[in-house]
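Number of protein chains: 2
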Amino acid sequence: MSEALLDIAEVAERSGLAPSALRFYEKKGLIAPAGRNGLRRTYRPDVLDRLALVSCARSAGFTVAEIGRFLVATPGDTDLRARMAVKARELEEDIARLTRMRDGLRHAATCAHETLVECPDFKRAFAGPPQPVPR
Amino acid sequence: MSEALLDIAEVAERSGLAPSALRFYEKKGLIAPAGRNGLRRTYRPDVLDRLALVSCARSAGFTVAEIGRFLVATPGDTDLRARMAVKARELEEDIARLTRMRDGLRHAATCAHETLVECPDFKRAFAGPPQPVPR
DNA sequence: CTGCGACTTGAAGTGCGATTCAAGTCAAGG
DNA sequence: CCTTGACTTGAATCGCACTTCAAGTCGCAG
Numbered sequence: 000m001s002e003a004l005l006d007i008a009e010v011a012e013r014s015g016l017a018p019s020a021l022r023f024y025e026k027k028g029l030i031a032p033a034g035r036n037g038l039r040r041t042y043r044p045d046v047l048d049r050l051a052l053v054s055c056a057r058s059a060g061f062t063v064a065e066i067g068r069f070l071v072a073t074p075g076d077t078d079l080r081a082r083m084a085v086k087a088r089e090l091e092e093d094i095a096r097l098t099r100m101r102d103g104l105r106h107a108a109t110c111a112h113e114t115l116v117e118c119p120d121f122k123r124a125f126a127g128p129p130q131p132v133p134r
Numbered sequence: 000m001s002e003a004l005l006d007i008a009e010v011a012e013r014s015g016l017a018p019s020a021l022r023f024y025e026k027k028g029l030i031a032p033a034g035r036n037g038l039r040r041t042y043r044p045d046v047l048d049r050l051a052l053v054s055c056a057r058s059a060g061f062t063v064a065e066i067g068r069f070l071v072a073t074p075g076d077t078d079l080r081a082r083m084a085v086k087a088r089e090l091e092e093d094i095a096r097l098t099r100m101r102d103g104l105r106h107a108a109t110c111a112h113e114t115l116v117e118c119p120d121f122k123r124a125f126a127g128p129p130q131p132v133p134r
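Chain order of the listed sequences is A and B. Here the first sequence is numbered in numbering that gives the first Met the number 0, starting from 0 and rising by one per residue. Here the second sequence is numbered in numbering that gives the first Met the number 0, starting from 0 and rising by one per residue.
Written out as structure tokens, the structure reads:
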């Protein structure tokens, strides 16, 4: 009846992450096993929620270190909340850029210029404000 | 009067990229100098457009190798056009994810749960489809 | 001609996010 | 008890996008 715990292989499979990645995240403080079964890490099922969050944040461009900081955030941490607001604004810009990029690509898939660089429509999609290329 | 050409330092400054990055891009086939002044590369001004395009694409998550392929695309390259369409679709997903992330962050900046992971609103923002985390 | 300083080169180094590897440990089954 | 096979570990390696470095080369002012 105490089979509430998942072992690492199960978590890996369900989360879509490699076991090595789980150990990597653990080292970085993003997750922690509930205990061990012999040498094997065992996790509470809610680690899956956490991992979904991590994956999403990763794919949104956050570093593992940043995510670690977010995960320990408390309501009193105004400093971190400010950083989050900043991040939200950055995401806003990213979204705008990606949207332009998507439109440009869509057009490129059908336009008839010799090379993309010669296509004025395509160029327009990218001649935005001089971005310093963060990432 | 033939001062239409910019030298590498000028291009670096105007594009916001390091000279080393320009040389790197050259090695990867993304840009080419118009000529040399002694050892110094000189560029036609339109290299700046190209670099803006490169920077934008980079920040949209394309690898330098991909960008190189896009830049030499011709209308007949249906294969590449298909890849572009695929990319456009991927961007669509990225945009959706980033949008959720942004909303989650905005909420997080003001909600009052002990840790973010405990905030149901925040969780909801990320409990999307099990993303395999490309990037 | 000489020296300065800004460029040139290829090779090595950096940071991030993992993955891969060799060697070790464990529980369970024969 | 001994094998099997899935896990464990830390260390090494990888890929990407650059940056940094040592050593060399150039144009030009003096």
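The beta-carbon is built from N, C-alpha and C at its ideal position, and this holds for glycine as well. Predicted model only: the values in this text are computed from it and were never measured.
| query | result |
| --- | --- |
| Tell me, please, whether the CB atom of residue 91 of chain A is closer than 9 Å to any CB atom in chain B? | yes |
| Identify, in the order they occur along the chain, each residue of the same chain with its Cβ nearer than 7 Å to the Cβ of residue 35 of chain B, setting aside the five sequence neighbours on each side. | 41 |
| Nearest by alpha-carbon distance to residue 118 of chain A: which of B:70, B:39, B:99, B:106 is it? | B:70 |
| Using 10 angstroms around the beta-carbon of residue 19 of chain A, count the other beta-carbons present and answer buried if the total reaches 16, otherwise exposed. | exposed |
| Could you work out which residues of chain A lie near residue 122 of chain B, taking near to mean beta carbons separated by less than 9 Å? | 48, 51, 52 |
| Which stretch, first to last residue, makes up the beta strand (DSSP E) that contains residue 34 of chain B? | 34-36 |
| Would you please verify whether the beta carbon of residue 86 of chain A is less than 9 Å from any beta carbon of chain B? | yes |
| Name the residues in the stretch 68-83 of chain B whose C-beta lies less than 7 Å from a C-beta of chain A; which are they? | 69, 70, 71, 72, 73, 74, 80, 83 |
| Mind checking who residue 42 of chain B pairs with in its DSSP beta bridge? | B:5 |
| Kindly list the residues whose CB is nearer than 7 Å to the CB of residue 53 of chain B, restricted to its own chain and excluding five residues on each side of it in sequence; keep chain order. | 24, 29, 66 |
| In whole angstroms, what is the alpha-carbon distance linking residue 57 of chain A and residue 63 of chain A? | 7 Å |
| Taking only beta-carbon atoms, is residue 19 of chain B less than 9 Å away from chain A? | no |
| Per the contact definition of three or more C-beta pairs closer than 8 Å, is the stretch 97-113 of chain B in contact with the stretch 80-92 of chain A? | yes |
| Measure from the C-beta of residue 40 of chain A to each C-beta in chain B and report whether the shortest distance is under 9 Å. | no |
| Taking the beta carbon of residue 49 of chain B as the centre, do at least 16 other beta carbons fall within 10 Å, making it buried, or is it exposed? | buried |
| How many Å lie between residue 44 of chain B and residue 7 of chain B at the Cα? | 11 Å |
| Quick one: Cα of residue 27 of chain B to Cα of residue 38 of chain B, how far? | 20 Å |
| Taking residue 135 of chain A as the reference, which of A:51, A:114, A:109, A:105 has the closest Cα? | Nothing about residue 135 of chain A can be read from this structure; chain A reaches only from 0 to 134. |
| For residue 103 of chain B, which three-state DSSP category applies? | helix |
| Return yes when the Cβ of residue 59 of chain B is within less than 9 Å of the Cβ of residue 96 of chain A, no when it is not. | yes |
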